[in-house]
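Peer 1: The structure follows.
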Amino acid sequence: MAHRNNHFNWHVLQTGSLPLRPDGMIHHRWDHRCTSVLIWPYGERIARDNAVLTDPCFTDAGYSDAAVELKELGVYFEDIGYVFVTHLHADHMLHLPYDVPAPRFRPLRPGEVEPLAGLTTVPVPGHHALQLALMFTAPDERAIWVVGDGVLDEEWLRAWGFYWPNGYTQSEIVETWFSVARILGGADVVVPGHGAPIVITAELVRDLLATFPQAPHAELCPEVADALRARLAGLEGA
0 MAHRNNHFNW
10 HVLQTGSLPL
20 RPDGMIHHRW
30 DHRCTSVLIW
40 PYGERIARDN
50 AVLTDPCFTD
60 AGYSDAAVEL
70 KELGVYFEDI
80 GYVFVTHLHA
90 DHMLHLPYDV
100 PAPRFRPLRP
110 GEVEPLAGLT
120 TVPVPGHHAL
130 QLALMFTAPD
140 ERAIWVVGDG
150 VLDEEWLRAW
160 GFYWPNGYTQ
170 SEIVETWFSV
180 ARILGGADVV
190 VPGHGAPIVI
200 TAELVRDLLA
210 TFPQAPHAEL
220 CPEVADALRA
230 RLAGLEGA
């Protein structure tokens, strides 16, 4: 069956978590793991030539959870043909439990695979210079952005936090805020690098706009606030 105008189903297989919190507290019982999403064309069965798995770095527990999610969809890891890695940090690259045979995944290059031609990439540098978001339209017409660590999770986003242990420069932090503005300007739902999906609401954008002046180096990127105001106006006028 042909897919509906390049619309895509999506299903979270592993919900990420990040022990380090924006206030510096560490939740030692939390796994450090990324969020991984399965994407396939609306109206089609999941198959090796039409399904892609994002950021396929699984902890042991995350892999077990993902296997259960896949079973509910009637498929297995072996039925997925492609992977897409948002950025080249080890906690987002392919990793499976040691006793699991590695499926024969192929790297997805958007535009090269016809069933997945409706997936597009958007540069979201800052956390990583070459980081890409994967963008698509869901059957309900919402714009879904899988952004890797362009947004870590909702708490980090609301805190205007960046992953400071990586030692980012001033210019990289500013670049991160520009990427956040780009993401919020285009997405209806953001799949962050280490948390549950975030629905972009007027309340969220209003809060971010109010707290942006306290973000590190906010004075160097006033265009970010302008972009947030434009997004808020669109949400409030919808």
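All residue numbers for the sequence shown refer to numbering that gives the first Met the number 0, where the first residue is 0 and numbers rise by one. Glycine included, each C-beta is placed from N, C-alpha and C at the ideal position. Because the structure is a prediction, the values reported are computed rather than measured.
1) Whether or not the segment 10-21 and the segment 62-82 are in contact is what I'm after, with contact meaning three or more pairs of Cβ atoms, one per stretch, closer than 8 Å; do they touch?
2) Are the segment 144-158 and the segment 95-115 touching by the rule of at least three beta carbon pairs closer than 8 Å?
3) Quick one: residues in its chain with C-beta nearer than 6 Å to the C-beta of I79, no 5 flanking neighbours on either side, listed in chain order?
4) Can you grab the Cα-Cα spacing for the pair G236 / G125, in whole Å?
5) What's the gap between the Cα of G233 and the Cα of D98?
6) In the DSSP assignment, what are the bridge partners of W39?
7) Output the distance between the C-alpha atoms of A142 and G184, rounded to the nearest integer angstrom.
8) Mind checking who Q13 pairs with in its DSSP beta bridge?
9) Which residue's Cα is closest to the Cα of G194: L208, H26, E171 and T34?
10) Using beta-carbon positions only, say whether R28 and D90 come within less than 9 Å of one another.
11) Can you tell me which of D139, T136, T120 and P138 puts its alpha carbon nearest to the alpha carbon of Q130?
12) With respect to the alpha helix (DSSP H) encompassing A209, which residues constitute its N-terminal and C-terminal limits?
13) Please state the DSSP three-state secondary structure of T175.
14) For a quick check, are the C-beta atoms of F177 and C220 less than 9 Å apart?
15) Taking the C-alpha atoms as reference points, what is the distance between K70 and F76?
16) Just mark P96 as buried or exposed, buried being the case when its beta carbon has 16 or more other beta carbons within 10 Å.
17) Measure the CB-CB distance between P40 and Y81 and report whether it falls below 9 Å.
18) Count the other CB atoms, across all protein chains shown, that sit within 10 Å of the CB of I25; report buried if there are 16 or more and exposed otherwise.
19) Can you look up I45 in the DSSP assignment and give me helix, strand or coil?
20) Exposed or buried, what is P55 when buried is set at 16 or more other beta-carbons lying within 10 Å of its beta-carbon?
21) Of the residues A201, R103, F135 and E218, which one's Cα is nearest the Cα of Q169?
22) So for Y81, helix, strand or coil by DSSP?
23) Closest by CA to F135, which one among A201, A116 and V123?
Peer 2: Judging by the given coordinates:
1) yes
2) no
3) A50 and L52
4) 31 Å
5) 49 Å
6) N8
7) 11 Å
8) S35
9) T34
10) no
11) T120
12) A201 to T210
13) helix
14) yes
15) 9 Å
16) exposed
17) no
18) exposed
19) coil
20) buried
21) E218
22) strand
23) A116
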